[in-house]
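This report refers to the structure that appears directly beneath it.
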Amino acid sequence: MFKIDEQGQVFLDLSDPMIIPANATFLLQALAASPYAEFKINHPAIESFFAQATRPNLLMVASRQDATLSITISADKITATAVLQTPQGGRLMSLENAKAILVKAGVSRGFKQAWLEALLAKQLQLKPGKKIEAVIAQGKPAEQGLNAQLIKQVTTLSERIKQPQELADGRMDLRDFGKLASVGAGTILIKVQIETLGKEGYNVVGDTLPTKPGVGIKLVAGDGTEIPSDDPLTLISTQAGVPIDIENGIRVDDIFTIKDVCVETGHIDFDGSVLITQNVDPSMKVKAKGDINILGTIDGAEIIASGNITVKQGIIGHLDHDTHQLSTVVRCDGDLHIGHAQYASLSANNIIVERQTSHCEMMAKNSIRIAEGKKGKGVGKLIGGKILDAKHILVAEIGTESGAKTEISIMQAGHQLIKKHDKLLEQLHETEQHLLEITEKKRLINALPNSLHKQEAQAKISQENNHWLEQSKKLHALVAKFNAALHFLLDHSDIKISHTLHPGVEFHLFTKNLKTSRTYPACTVHLKDNAIEIEVSSSNIN
6 MFKIDEQGQV FLDLSDPMII PANATFLLQA LAASPYAEFK INHPAIESFF
56 AQATRPNLLM VASRQDATLS ITISADKITA TAVLQTPQGG RLMSLENAKA
106 ILVKAGVSRG FKQAWLEALL AKQLQLKPGK KIEAVIAQGK PAEQGLNAQL
156 IKQVTTLSER IKQPQELADG RMDLRDFGKL ASVGAGTILI KVQIETLGKE
206 GYNVVGDTLP TKPGVGIKLV AGDGTEIPSD DPLTLISTQA GVPIDIENGI
256 RVDDIFTIKD VCVETGHIDF DGSVLITQNV DPSMKVKAKG DINILGTIDG
306 AEIIASGNIT VKQGIIGHLD HDTHQLSTVV RCDGDLHIGH AQYASLSANN
356 IIVERQTSHC EMMAKNSIRI AEGKKGKGVG KLIGGKILDA KHILVAEIGT
406 ESGAKTEISI MQAGHQLIKK HDKLLEQLHE TEQHLLEITE KKRLINALPN
456 SLHKQEAQAK ISQENNHWLE QSKKLHALVA KFNAALHFLL DHSDIKISHT
506 LHPGVEFHLF TKNLKTSRTY PACTVHLKDN AIEIEVSSSN IN
């Protein structure tokens, strides 16, 4: 029925009318069952045969096709792609023939034989006549040189304000950018990563692809920094301060200076000293390990320093009627110098006020001085509020004629002295109990007959006795010290009023309380004979 010629063409012999197939489907089924099932079917000829009235005696129905391989090189010549068509009754594409086709296509670099072998292996897996595509050669683009870079070793001010802190509930606090970066002398600020030359590349046709070297950079040493002579790629600080970006470098300011503290700047948290040339806005926070100097005002903010705080203008706050807390808090371990204050919580070693305070809460380890006791219009007054503790208070006027609620407490540190004193007495009692027990042990040991064991026991008990005697001596000294400190506090603490003490002012001096019921001229309030005494100045006694 079918026969094949030398060129691999398969013919259907139609000379016998008895074997003419009824239709194309029948013919294709017969071909599929023949030895030529994998050959390439001549569909156009078959369709034409059944469509025409006059039919030939021979019909070429299929042909043998060897595997083919075509190569395409990308426009940039970086990639060579092969398209393999599997054989249809013909020969497989051999590795040698495939390589020859690659060479003829111009591929000379980037060829991977493993890629080609993997592609050719598909001939045994795919159906006859199927096409498959794969990359069989890959060039390498040139690697351009990298420009030199300044690698910062510290966080600078400009970077800090881009990093708001996350709150516990996952929201971002847009006022809090974290602690202000600070550095010590000798801190490495910048390291230079030098430029690179780059690497040449190549394409699949063998061309070399040129590279471009990176651009260098000149490191700049700002104020407070230097580039070591033995390490020109490093910038270090020469003083403690805050690192601030400059072009191609950093400068270090020993005092952090800022115009205003507001939402745009975020909270300030700095290890050194801070100078604010204008104001601190509501809800902002400033914290420093050094001094804080504010040339303007504070309004509803929190200011904390390990050193001194100076506020040239006023401190303004308000009372939150829901929490009963004051909106402005100013606290330092050193001295607090302010112009005036209202509705603020103030705490320091010494509090020095130029004009007056109104409805504030104040606590001083040592003294509170308002206008140094001088009287004037809007000067020297302590109006309302509370003084939680101090040793000395100097003021011109306390309270108001209308009776604004004013509470003054001093000597409150005495309560802590009493607690420590009582704790020492407990320890002293325990020590004396140990000594009594040791005395009894010594008596029992001395009653023993002489022996090595007795000598060892006597030496041990003597060592123990010496320990507790030394402990008792130290505790007696501490008890005496705390007694003296308490008596000194009670005997030398006072409140001096240079002009007027109004009625309705409550005084709490250690454990004693008193509320004024009338107006006093210049006077001193102190403890005398275990009671609060208001001692009127001799110049006011007729």
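The numbers in this note's numbering rise by one with no breaks, and the one at position 75 of the sequence shown is 80. Backbone N, C-alpha and C define an ideal beta-carbon position, used for all residues, glycine too.
Check: Residue nearest to A226 in terms of C-alpha spacing, selected from N253, V210 and I76; Outcome: N253
Check: Contact set for I83: own chain, Cβ-Cβ below 6 Å, skip 5 residues either direction; Outcome: G144 and N208
Check: Alpha-carbon to alpha-carbon, H507 and G406; Outcome: The amino acid occupying residue 406 in the given sequence is Glu; Gly does not appear at that position. Their backbone Cα atoms lie some 6 Å apart in a straight line.
Check: Where K167 falls: helix, strand or coil (DSSP); Outcome: Low per-residue confidence applies at K167: pLDDT is 49, beneath 50, and the placement is therefore not dependable, though the value from the model is reported in the following sentence. If DSSP states are grouped into helix, strand and coil, K167 belongs with coil.
Check: Cα-Cα separation, D496 to H439; Outcome: 36 Å
Check: Coil, strand or helix - R448 by DSSP; Outcome: helix
Check: Rounded C-alpha distance that separates I166 from H272; Outcome: Low confidence applies here, because I166 scores a pLDDT of 49, under 50, leaving its location unreliable and the question unanswered by this model.
Check: Beta-ladder partner(s) of R256, from DSSP; Outcome: I249
Check: K465 (DSSP reduced to helix, strand or coil); Outcome: helix
Check: A536 (DSSP reduced to helix, strand or coil); Outcome: strand
Check: Of the residues H397, A35, P40 and S68, the one placed nearest P49, counting alpha carbons only; Outcome: S68
Check: Buried/exposed call for G276, threshold 16 Cβ in 10 Å; Outcome: Per the sequence shown, residue 276 should be read as Asp rather than Gly. Its Cβ being crowded by 16 or more others within 10 Å, D276 is buried.
Check: Nearest-angstrom Cα separation, counted from T239 out to G191; Outcome: 11 Å
Check: Element boundaries [alpha helix (DSSP H), containing N102]; Outcome: L100 to A110
Check: Whether T302 touches I314 by CB criterion (9 Å); Outcome: no
Check: Close Cβ partners of H323 (< 6 Å) along its chain, the five nearest in sequence each way excluded; Outcome: S332 and Y348
Check: Assigned exposure category for S234 - 16 Cβ within 10 Å defines buried; Outcome: exposed
Check: Candidates I299, D286, D296 and A293, of which the one nearest A306 by Cα; Outcome: D286
Check: Limits of the alpha helix (DSSP H) - the one that F31 falls within; Outcome: A29 to A37
Check: The region 391-401 in contact with the region 469-477 per 3-pair CB rule at 8 Å; Outcome: no
Check: R336 versus E412, M367, H326 and E122, residue with shortest Cα-Cα distance; Outcome: M367
Check: Where the alpha helix (DSSP H) through F44 begins and ends; Outcome: From DSSP, F44 is part of no alpha helix (DSSP H); its letter is neither H nor E.
Check: Boundaries (first-last residue) of the beta strand (DSSP E) holding L63; Outcome: L63 to S68
Check: Neighbour-count burial assignment, R256, 16 or more Cβ in a 10 Å radius; Outcome: buried
Check: Secondary structure of H426, DSSP reduced to three states; Outcome: helix
Check: E359 and G344 closer than 9 Å at C-beta; Outcome: yes
Check: Exposed unless 16 or more other CB atoms sit within 10 angstroms - verdict on S187; Outcome: buried
Check: Q128, enclosing alpha helix (DSSP H) - first and last residue; Outcome: First-last for Q128: undefined, no H or E at that position.
Check: Where S503 falls, given that 16 or more other Cβ within 10 Å makes a residue buried; Outcome: buried
Check: Residue from I249, L74, A38 and K292 with nearest C-alpha to S278; Outcome: K292
Check: L89 CB to nearest heavy atom of the ligand MN below 8 Å; Outcome: Of the ligands one can find in the structure shown there are none, so the ligand MN has no counterpart to examine.
Check: For G295, the nearest candidate out of H492, H326 and G246 (CA to CA); Outcome: G246
Check: At least three beta-carbon pairs within less than 8 Å, the region 447-459 to the region 480-492; Outcome: no
Check: At least 3 beta-carbon pairs within less than 8 Å: the region 424-434 vs the region 442-451; Outcome: no
Check: Cβ-based neighbour list, E122, same chain, cut-off 7 Å, excluding 5 preceding and 5 following; Outcome: L100
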